[in-house]
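In the numbering used here, the protein residues as written are 47 to 254.
Have a look at the structure below before the remarks.
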């Protein structure tokens, strides 16, 4: 019986289609490596400015990669959220979190100190999180950002999943839709539990 369950689990993963939206960031391929090493899902990587929004209905899960600068009005992540938020599992990383916050009406604030290539301790809030399932309450994470979500304007549709020592928002999860995002970089070697976090997200919704 256990063998049958394992085979069924593998078949479900093998049929799953995941889209990784590349926001022109070198970390995109770190994410792709972890996804491919974690499960037999069918992963496709597409450049953000080359995506036809109408072609995305075939994917089960979508990842918004990190990227330079800030999300712009009309960007592909905004279009994805507008069209697929109720029906797709979406994970935002760094720039991806910022795009999600802005789409739902939140604001960003620029940090006085840029944190690129830094390791910091984060603390879970205790709110249910797919990404942080079975991750220690306090964990190390790699930072590469100069903007964060403004806590005072965070849209009410989100729960905060983890915070920095300075009480900055480092993770959010939508209260209704399967949308989760992190400000830190789970794909970085500076996030020791990062591979597990991405696997957690891939496995969400899959019954073994």
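Each residue gets a CB set at the ideal place from its N, CA and C atoms; glycine is no exception.
Query: Unbroken alpha helix (DSSP H) runs of length 4 or more, entirely within the stretch 216 to 251: which are they?; Result: 240 to 249
Query: What's the C-alpha gap between residue 253 and residue 60?; Result: Interpretation of residue 253 is limited by its pLDDT of 47, a score under 50 that renders its predicted location unreliable; the figure taken from the coordinates is listed afterwards. C-alpha separation (whole angstroms): 14 Å.
Query: Please go through the same chain and pick out, in chain order, the residues whose beta-carbon is closer than 8 Å to the beta-carbon of residue 49, but skip the five residues on each side of it.; Result: Note on residue 49: pLDDT 49, under 50, position unreliable in the model; the coordinate value appears next. Once the five neighbours on either side are set aside, residue 49 has no close Cβ partner at all.
Query: Could you tell me whether the Cβ atoms of residue 209 and residue 169 are closer together than 9 Å?; Result: yes
Query: Where do the N-terminal and C-terminal ends of the alpha helix (DSSP H) with residue 149 fall, by residue?; Result: 141 to 149
Query: Counting C-beta neighbours from all protein chains within 10 Å, is the total for residue 86 16 or more, i.e. buried, or is it exposed?; Result: exposed
Query: Is DSSP giving residue 111 helix, strand or coil here?; Result: coil
Query: Which partner residues does residue 206 have in the DSSP bridge list?; Result: 218
Query: Under the three-state reduction of DSSP, which class applies to residue 131: helix, strand or coil?; Result: coil
Query: Touching or not, the stretch 125 to 135 and the stretch 193 to 210, by the rule of three or more beta carbon pairs under 8 Å?; Result: no
Query: Run the CB neighbour count on residue 76, radius 10 Å, all protein chains shown included, and call it buried at 16 or more, exposed below.; Result: buried
Query: In the stretch 150 to 191, which residue ranges form an unbroken beta strand (DSSP E) of at least 3 residues, counting only runs that do not cross its ends?; Result: 154 to 170
Query: Need the endpoints of the alpha helix (DSSP H) that residue 77 sits in, please.; Result: 74 to 84
Query: State the DSSP-derived secondary structure class of residue 200, mapped to helix, strand or coil.; Result: coil
Query: Tell whether a beta-carbon distance below 9 Å holds between residue 239 and residue 166.; Result: no
Query: Three-state secondary structure (DSSP) at residue 102?; Result: helix
Query: Report the option in 79, 141, 213, 120 whose CA atom is closest to the CA atom of residue 99.; Result: 120
Query: Per DSSP, residue 138 forms a beta bridge with which residues?; Result: 110, 227
Query: What separation, rounded to the nearest whole angstrom, lies between the Cα atoms of residue 97 and residue 115?; Result: 19 Å
Query: Give me the Cα-Cα distance between residue 250 and residue 159, rounded to the nearest whole angstrom.; Result: 35 Å
Query: Figure out for me which residue from 189, 172, 178 has the closest Cα to the Cα of residue 162.; Result: 189
Query: Buried or exposed for residue 174, please, with buried defined as at least 16 other CB atoms from any protein chain shown within 10 angstroms of its CB.; Result: exposed
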